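Visitor: Below are the structure tokens for one structure; questions will follow.
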Amino acid sequence: MELDRQFNGQGIDPRSGIPLYVQLKEILREQIRTGVWEPGDRIPSEAEIRQHFAVSRATVRQAITELEQEGLLVRQQGRGTFVRKPKIEWSLRNFYSFTRDLTERGLHPETRLLMFEVVLRKAIAREVFGLDEKEPLVKLVRLRLAAGEPLMLETTHLPECFVPGLTEEEVREHALYTLLEEKYGMRLERAMESFEPILVDEFASKMLEVPKGSPALYLERIGALADGRRVELSQTIVRGDRSRYLVELL
Numbered sequence: 001m002e003l004d005r006q007f008n009g010q011g012i013d014p015r016s017g018i019p020l021y022v023q024l025k026e027i028l029r030e031q032i033r034t035g036v037w038e039p040g041d042r043i044p045s046e047a048e049i050r051q052h053f054a055v056s057r058a059t060v061r062q063a064i065t066e067l068e069q070e071g072l073l074v075r076q077q078g079r080g081t082f083v084r085k086p087k088i089e090w091s092l093r094n095f096y097s098f099t100r101d102l103t104e105r106g107l108h109p110e111t112r113l114l115m116f117e118v119v120l121r122k123a124i125a126r127e128v129f130g131l132d133e134k135e136p137l138v139k140l141v142r143l144r145l146a147a148g149e150p151l152m153l154e155t156t157h158l159p160e161c162f163v164p165g166l167t168e169e170e171v172r173e174h175a176l177y178t179l180l181e182e183k184y185g186m187r188l189e190r191a192m193e194s195f196e197p198i199l200v201d202e203f204a205s206k207m208l209e210v211p212k213g214s215p216a217l218y219l220e221r222i223g224a225l226a227d228g229r230r231v232e233l234s235q236t237i238v239r240g241d242r243s244r245y246l247v248e249l250l
């Protein structure tokens with residue numbers, strides 16, 4: 001009776017020509033979309049769903065696995081399957097800041113500095129920043145978290161000539177854009193960004209706490225001052241199950 005109430009008469013038609021797991025997946029998705037199952041709720045077990053809809057174990061598993069890959073569900077060993085928290089949305093209309101945007105949404109942003117070093121990257125210095133190949137770059141590798149959950153693994157290069165005297169301690173204690181503005185008088189006004197889908201490698205999977213091969217977005221941003229001088233190259237791996245990007249076309 002409880003499942004009858006939850007699913008409100010929704011059923012699967014084996015004669016429709018639509019694969020059974022696809023029909024089941026859409027029924028489960030509707031439960032989440034309409035709020036029947038809310039974030040943090042444990043959904044019925046695979047056995048209960050299988051019995052209710054009279055489908056095979058493989059059908060139920062495939063439907064749940066695909067919803068898990070889409071970031072709607074998460075399996076917890078020994079506990080069951082739960083509805084995930086909604087994805088964090090990032091708008092592409094304006095120049096955004098990880099720290100500022102999460103703070104405005106009431107989420108606690110956190111940045112963990114994994115690497116701080118001065119390096120020579122000839123191609124980046126020449127092709128991205130238009131500088132001499134011998135110009136040193138400051139390289140930062142940072143893990144970005146929201147409410148303690150890792151979301152992004154970010155590698156940033158800055159020409160040292162723009163940030164002389166920048167220290168590891170400063171980067172640990174302050175948001176990077178705040179440092180650029182308050183210490184160096186530089187405000188990034190322009191950016192060029194590109195996105196492409198990837199599968200996370202072993203290091204990224206460990207840092208982001210997702211299985212190796214999980215879908216993610218690779219985001220590359222080149223940030224510039226109002227006069228066009230490029231001062232930042234950030235290459236970011238974004239968890240596909242926890243983030244999505246929105247753009248409004250006018």
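Letter by letter, the sequence shown follows residues 1 to 250 of the numbering used here.
Built from N, CA and C at the ideal position, the CB exists for glycine as well.
Bear in mind the structure is a predicted one, so any value in this text is a computation, not a measurement.
How big is the Cα-Cα spacing for residue 246 and residue 240?
Guide: By one-based count along the sequence shown, residue 246 stands at place 246. By one-based count along the sequence shown, residue 240 stands at place 240. One C-alpha to the other measures close to 14 Å.
Visitor: Measure the CB-CB distance between residue 158 and residue 232 and report whether it falls below 7 Å.
Guide: As a position in the sequence shown, residue 158 is number 158, starting the count at 1. As a position in the sequence shown, residue 232 is number 232, starting the count at 1. Closer than 7 Å, so yes.
Visitor: Look up residue 207 in the DSSP assignment and say whether it is helix, strand or coil.
Guide: Taking the sequence shown and counting its residues from 1, the one referred to as residue 207 is at position 207. In this structure, residue 207 counts as helix in the three-state DSSP scheme.
Visitor: Note down, in chain order, each residue of its chain lying with its Cβ closer than 8 Å to the Cβ of residue 206, except the 5 sequence neighbours on either side.
Guide: Position 206 of the sequence shown holds residue 206. Cβ neighbours of residue 206 beyond the five flanking positions: none.
Visitor: Which residue comes first and which comes last in the alpha helix (DSSP H) that contains residue 22?
Guide: Along the sequence shown, read from residue 1 onward, the residue named residue 22 stands at position 22. Per DSSP, residue 22 belongs to the alpha helix (DSSP H) from 20-33.
Visitor: Quick one: residues in its chain with C-beta nearer than 8 Å to the C-beta of residue 23, no 5 flanking neighbours on either side, listed in chain order?
Guide: As a first step, residue 23 must be located in the sequence shown, where it is residue number 23. Correct list, in chain order: 12, 13, 16.
Visitor: In its own chain, which residues sit with a C-beta less than 6 Å from the C-beta of residue 139, not counting the 5 before and 5 after it?
Guide: Looking up residue 139 in the sequence shown gives position 139. Here the set comprises 117, 119, 157.
Visitor: Taking residue 55 and residue 28 to be in contact with their CB atoms under 8 Å, please state how far apart those CB atoms are, rounded to whole angstroms.
Guide: Translated into the one-based positions of the sequence shown, residue 55 becomes position 55. Translated into the one-based positions of the sequence shown, residue 28 becomes position 28. Contact flag wrong, Cβ pair sits at about 12 Å.
Visitor: Are the beta-carbon atoms belonging to residue 83 and residue 39 less than 7 Å from one another?
Guide: In the sequence shown, counting from the first residue as 1, residue 83 sits at position 83. In the sequence shown, counting from the first residue as 1, residue 39 sits at position 39. Taking 7 Å as the Cβ cut-off, residue 83 and residue 39 qualify as a contacting pair.
Visitor: Residues in the same chain with beta-carbon distance under 7 Å from residue 75, minus the five sequence neighbours each way, listed in chain order, please.
Guide: By one-based count along the sequence shown, residue 75 stands at place 75. If we look at residue 75 and ignore the five residues flanking it on each side, its Cβ neighbours are 68, 81.
Visitor: Given a cut-off of 7 Å on the beta-carbon distance, is the pair residue 181 and residue 187 in contact?
Guide: Sequence index remark: in the sequence shown, residue 181 carries index 181 (1-based). Sequence index remark: in the sequence shown, residue 187 carries index 187 (1-based). Cβ distance < 7 Å, so residue 181 and residue 187 count as in contact.
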